[in-house]
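Student: Just so you know, the sequences run in chain order E and A.
For the working numbering, add 3 to where a residue sits in the first sequence, where the first one is 1.
For the working numbering, add 3 to where a residue sits in the second sequence, where the first one is 1.
Positions of the beta carbon are idealized from the N, C-alpha and C atoms, including for glycine.
2 protein chains.
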Amino acid sequence: MSHLHLIAFDADDTLWHNERLYLTAQNRFKTLLARYHSSEWIAERLDQTEMRNLPHFGYGIKSFALSMIETAVELTEGRITGQEIQILIDAAKEMLTAEVQLVERVPETLARLAEKYALMVITKGDLRDQELKIERSGLAQFFSHVEIVSDKKRANYSRVLQQHNLAPEHFAMVGNSLRSDILPVLELGATAIYIPHELTWAHEHADAPTAAPNFYEVAKFDDLPVLFAQLEQK
Amino acid sequence: MSHLHLIAFDADDTLWHNERLYLTAQNRFKTLLARYHSSEWIAERLDQTEMRNLPHFGYGIKSFALSMIETAVELTEGRITGQEIQILIDAAKEMLTAEVQLVERVPETLARLAEKYALMVITKGDLRDQELKIERSGLAQFFSHVEIVSDKKRANYSRVLQQHNLAPEHFAMVGNSLRSDILPVLELGATAIYIPHELTWAHEHADAPTAAPNFYEVAKFDDLPVLFAQLEQK
């Protein structure tokens with residue numbers, strides 16, 4: 004019999020595609036600055052600005068937009084025009100209103116898992132943006148709880164488990180980021196299931212903890228019911 | 004004997020000053036655009052941009068910064084320079100890193116109230132920004148829970164009460180915004196205590212529900228213990 008009671012899911016690039024929105028905006032950004040710099044240099048400097056701003060701005064599209072604008076000012080030595088700045092703001096608004104593109108077979112798989120387990124979402128980023136995406140995704144019905152956190156550190160997972168009065172052995176986390184969804188969860192002694200996404204932000208990379216006892220990897224979201232059935236036999 | 008078990012506090016302009024940060028940034032914004040437009044017109048257009056962006060951007064400093072930048076592009080017909088845009092981004096960063104200025108006698112008053120009641124914070128705005136302010140304020144010790152919500156609608160208060168398994172008659176909310184802290188709470192049948200702040204964002208204005216049975220108003224934060232003692236006698 005399974006010891007798992009609650010399965011939590013990361014949202015961006017686990018339930019729905021997200022990183023592709025950032026890549027599209029980044030490409031637009033590179034095109035905008037193409038007459039000033041090489042594509043590689045632009046990407047490198049944007050990344051540096053994002054990392055420098057992260058402690059104050061936090062994660063999410065608005066932070067990304069402010070970092071794009073700041074990088075554009077820096078890289079053009081102030082020659083960026085107002086119209087070009089507006090293009091960047093418009094890119095952010097398009098990202099915020101973009102249709103939610105679900106990862107393949109997510110609703111059917113959640114429906115199956117919901118028959119046996121309590122399901123929740125634990126996602127980081129912007130409060131408003133994540134709430135709107137959950138609403139628009141049509142997936143809200145499957146989740147008994149939604150936690151939007153500013154960062155996915157061990158302490159935040161620990162607080163969620165406490166709030167739900169749940170021992171780590173009854174908790175599993177599913178996500179595409181080794182850094183945010185997997186490593187802190189394994190540290191707590193809970194189960195972590197990694198589903199790689201074709202696109203993952205470099206900031207989220209980490210080495211896969213292949214030797215860890217509670218670490219599992221599946222290729223696709225709809226491999227989850229079979230994996231959980233196997234875990235029940237253990 | 005009091006029926007109140009849990010007292011929740013708004014944060015911005017209830018526990019610490021906040022609106023003055025926005026006014027300082029707005030003044031800087033008006034100065035920057037002074038050669039293009041009158042101060043009144045700039046303020047009016049900035050407000051319009053903020054209201055238009057609110058459904059997607061939500062509340063908080065990053066949203067405000069993006070709206071300032073967009074308004075600057077509009078009002079200068081694109082002639083705003085990169086350096087001027089950077090001034091606006093820097094203004095946002097200063098707001099995010101500003102020292103937390105507590106409202107007078109907040110820590111002593113919270114310490115007294117904490118002897119009798121469970122205390123919590125319910126604040127809206129940016130997740131990361133509000134977390135950092137609670138951390139920097141030194142007030143975290145007084146609160147058993149902190150809820151950061153994207154908007155202070157009746158449904159959000161209702162969810163908080165449910166999560167804490169609390170009937171409305173056991174709950175009181177203290178805040179400076181009639182629109183966000185008082186009206187939705189009274190609608191639920193809970194107690195609401197209004198403490199006017201010298202500066203309150205126009206968006207938060209509403210008529211005081213002076214005839215409502217569970218509505219109270221005090222002039223200063225440290226009037227609260229006397230008010231709660233009176234409520235106990237009722």
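1) Out of A:Gln166, A:Glu207, A:Ala215, A:Val124, which has the shortest C-alpha to C-alpha gap to alanine 11 of chain A?
2) Hey, phenylalanine 218 of chain A and leucine 191 of chain A are a contact pair by Cβ (cut 8 Å); roughly how many whole angstroms apart?
3) Is DSSP giving tryptophan 44 of chain A helix, strand or coil here?
4) What is the C-beta distance between phenylalanine 174 of chain A and alanine 193 of chain A, in whole angstroms, given that I count them as a contact (C-beta under 8 Å)?
5) Quick one: any contact between the segment 107-115 of chain A and the segment 211-225 of chain A, if contact means 3 or more CB pairs under 8 Å?
6) Counting only the same chain and skipping the five closest in sequence on each side, list residues whose C-beta sits under 7 Å from that of valine 76 of chain A.
7) Residues of chain A with a CB under 7 Å from the CB of alanine 68 of chain E: which are they?
8) Name the chain A residues that come within less than 7 Å of arginine 82 of chain E, Cβ to Cβ?
9) Using the C-alpha atoms, what's the distance from glutamine 236 of chain A back to alanine 46 of chain A?
10) Nearest CA to the CA of glutamate 102 of chain A: which residue from A:Tyr120, A:Arg139, A:Ala95?
11) For my contact list, alanine 14 of chain A and lysine 136 of chain A are in at a C-beta cut-off of 8 Å; report their separation, rounded to the angstrom.
12) Between the Cα of alanine 94 of chain A and those of A:Asp184, A:Leu116, A:Thr27, A:Met176, spot the shortest distance and give me the residue it belongs to.
13) Can you pull the chain A residues whose beta carbon is under 9 Å from the beta carbon of threonine 100 of chain E, in chain order?
14) On the DSSP letters alone, give me the boundaries of the beta strand (DSSP E) that lysine 127 of chain E sits inside.
15) Run through the DSSP bridge pairs and tell me what isoleucine 151 of chain E is partnered with.
16) How should serine 41 of chain E be labelled, buried or exposed, when 16 other C-beta atoms within 10 angstroms of its C-beta is the threshold for buried?
17) Between isoleucine 92 of chain A and chain E, is any beta-carbon pair separated by less than 9 Å?
18) Once the 5 residues before and after arginine 31 of chain A are set aside, which same chain residues still bring their CB inside 6 Å of it?
19) For phenylalanine 231 of chain A, count neighbouring Cβ atoms within 10 angstroms of its own Cβ and tell me buried if that reaches 16, exposed if not.
20) Assuming threonine 79 of chain A contacts glycine 85 of chain E (C-beta within less than 8 Å), just tell me the rounded distance between them.
21) Return the residues of the segment 113-131 of chain E that lie within a Cβ-Cβ distance of less than 9 Å from chain A, sorted by chain order.
22) Mapping the DSSP letters down to three states, classify phenylalanine 174 of chain A as helix, strand or coil.
23) Please confirm whether alanine 75 of chain E has its beta-carbon closer than 9 Å to some beta-carbon of chain A.
24) List, in chain order, every chain E residue whose beta-carbon is nearer than 9 Å to that of lysine 65 of chain A.
25) So which of E:Glu22, E:Ala195, E:Leu7 has the shortest CA-CA distance to alanine 214 of chain E?
26) Does the beta-carbon of aspartate 132 of chain A have 16 or more other beta-carbons within 10 angstroms, so that it is buried, or is it exposed?
27) Bridge partners of phenylalanine 60 of chain A, per DSSP?
28) Less than 9 Å separating the beta-carbons of histidine 251 of chain A and methionine 54 of chain A?
Tutor: Short version:
1) Relative to alanine 11 of chain A, the option among A:Gln166, A:Glu207, A:Ala215, A:Val124 whose CA is nearest is A:Val124.
2) The C-beta separation of phenylalanine 218 of chain A from leucine 191 of chain A comes to about 13 Å, leaving the pair out of contact by the 8 Å criterion.
3) In the structure shown, tryptophan 44 of chain A sits in a helix (DSSP, three-state: H, G or I).
4) The pair is a contact, with the Cβ atoms about 4 Å apart (cut-off 8 Å).
5) Of all C-beta pairs linking the segment 107-115 of chain A to the segment 211-225 of chain A, three or more are shorter than 8 Å, placing the two stretches in contact.
6) Same-chain partners within the cutoff: Ile83.
7) For alanine 68 of chain E, the residues of chain A that pass the 7 Å Cβ criterion are Leu69, in the order they occur in the chain.
8) Going along chain A in sequence order, the residues near arginine 82 of chain E (Cβ under 7 Å) are Gly85.
9) If I take the Cα positions, the gap works out to 47 Å.
10) Of the candidates A:Tyr120, A:Arg139, A:Ala95, the one whose C-alpha sits nearest the C-alpha of glutamate 102 of chain A is A:Arg139.
11) Their Cβ separation, rounded to whole angstroms, is 7 Å, which keeps alanine 14 of chain A and lysine 136 of chain A in contact under 8 Å.
12) The closest CA to that of alanine 94 of chain A, considering only A:Asp184, A:Leu116, A:Thr27, A:Met176, is found on A:Thr27.
13) Per Cβ cutoff of 9 Å: His59.
14) Per DSSP, the unbroken beta strand (DSSP E) holding lysine 127 of chain E starts and ends at 121-127.
15) By DSSP's assignment, isoleucine 151 of chain E forms a beta bridge with E:Thr126.
16) When all chains shown are included, serine 41 of chain E counts as exposed.
17) Yes, isoleucine 92 of chain A counts as interfacial toward chain E.
18) Excluding five sequence positions before and after arginine 31 of chain A, the CB atoms of its chain that fall closer than 6 Å to its own CB belong to Ala94, given in chain order.
19) Taking all protein chains in view, the Cβ of phenylalanine 231 of chain A is crowded by 16 or more other Cβ atoms within 10 Å, so the residue is classified as buried.
20) The distance from the Cβ of threonine 79 of chain A to that of glycine 85 of chain E is about 6 Å, consistent with a contact at the 8 Å cut-off.
21) So the list reads Lys127, Gly128, Asp129, Leu130, Arg131, given in the order they occur along the chain.
22) Phenylalanine 174 of chain A falls in the strand class under three-state DSSP.
23) At least one beta carbon of chain A lies nearer than 9 Å to the beta carbon of alanine 75 of chain E.
24) Near lysine 65 of chain A (Cβ distances below 9 Å), the residues of chain E are Phe60, Gly61, Gly63, Lys65, Ser66, Ala68, Leu69, Asp129.
25) For the residues E:Glu22, E:Ala195, E:Leu7, the minimum Cα distance to alanine 214 of chain E belongs to E:Ala195.
26) By the neighbour-count rule (16 or more Cβ atoms within 10 Å), aspartate 132 of chain A is buried.
27) BP columns for phenylalanine 60 of chain A are empty, so no partner.
28) It is not possible to answer for residue 251 of chain A, since the shown part of chain A is limited to 4 through 237.
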